[in-house]
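Trainee: In our numbering, the protein residues as written are 1116 to 1342.
Idealized CB from N, CA, C, for every residue including glycine.
For clarity, every value in this text was computed on a predicted model and none was experimentally measured.
Shown below is the structure under consideration.
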Amino acid sequence: MIYNIAIDGPAGAGKSTIAKNIARELQFIYVDTGAMYRAIALHLLRKGADGGDSEAVASACRSAEVSITYRGGEQIVLLNGEDVTSCLRTEEVSRMASVGAANPAVREKLLSLQRNLAAAQSVVMDGRDIGTTVLPGADVKIYLTASSEARAHRRYLELKEKGESCDPEEIRREIEERDLRDMNREISPLRQAEDAVLVDSSNMTIEEVTAELLRIFREKTGTGGSV
Ligand code: DC
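Structure (structure tokens):
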């Protein structure tokens, strides 16, 4: 039996942390679709493509082959065969990923890769349009959100822990700008699927959100213990 769990929501809501926990618990594969958009963004940046020029983005993305593999349970992203996993988390890549993700050629390129992964095995897949577009038939759909203050604060703590200098106000502005772009683009905008369960993690711990999502999964699929 193959199960698909779709988790969508804005930047910094905790999707990847929670999705990883659930995947580990249920022994499913975790698929981080944002990392795929980030790999394309890295390619666009390396090519010097102007994110605002949709022809240039479409053309540059034709020479980007993205694939994923797993090492020690961690998702590795390959861009034209090169492991770029460690290059994907900069603010520059975050911004370009959000800009590039509004381009139909970029989305089309990644859609079949995402669907094929979910068809082959049980997955917990996170992103912006998984429940609405990529896996409309997913067994469980979650819309995980949190206030922009809570999300910016988490990102601030994350960067501080890494020893990177950061301005909390700047982080919040970046997050809100990205939300606005992801929610208002024409193609596959971020929105809650009609049959998705809304979970607001603003005042919840990681453990609480993980437990709540596992409970929802078991309730929806009628699976008692581990799958
Ligand atoms: O989840 P993330 O922050 O790594 O995603 C980076 C960007 O990629 C995000 O701002 C929007 C885009 N994205 C998307 O449009 N659709 C997805 N399924 C996943 C990410």
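1) Mark TYR1145 as exposed unless 16 or more other C-beta atoms lie within 10 angstroms of its C-beta, in which case mark it buried.
2) On the DSSP bridge list, what partners appear for TYR1258?
3) How far does the beta strand (DSSP E) with MET1240 in it extend, from its first residue to its last?
4) According to DSSP, simplified to helix, strand and coil, what is LEU1194?
5) ARG1056 and GLY1127 look like a contact to me (Cβ under 8 Å); what is the Cβ gap, rounded to whole Å?
6) Are the segment 1241–1261 and the segment 1195–1210 in contact at 8 Å, needing three or more beta carbon pairs?
7) For the ligand DC, I want to know if ARG1153 counts as a neighbour, meaning its beta carbon is within less than 7 Å of at least one of the ligand's heavy atoms.
8) Check the C-beta distance from SER1316 over to GLY1149 and give it rounded, since I have them as a contact under 8 Å.
9) Whose C-alpha, out of ALA1179, GLU1273, LYS1256, ALA1216, is nearest the C-alpha of ALA1121?
10) What is the DSSP secondary structure of ILE1144, reduced to helix, strand or coil?
Mentor: Reading off the structure:
1) TYR1145 comes out buried.
2) ASP1123, LEU1313
3) 1238–1242
4) strand
5) For residue 1056 there is no data in the structure shown, the boundaries of the chain being 1116 and 1342.
6) no
7) yes
8) The Cβ separation is near 17 Å, so there is no contact.
9) The closest CA to that of ALA1121, considering only ALA1179, GLU1273, LYS1256, ALA1216, is found on LYS1256.
10) The three-state reading of DSSP puts ILE1144 in strand, counting E and B together.
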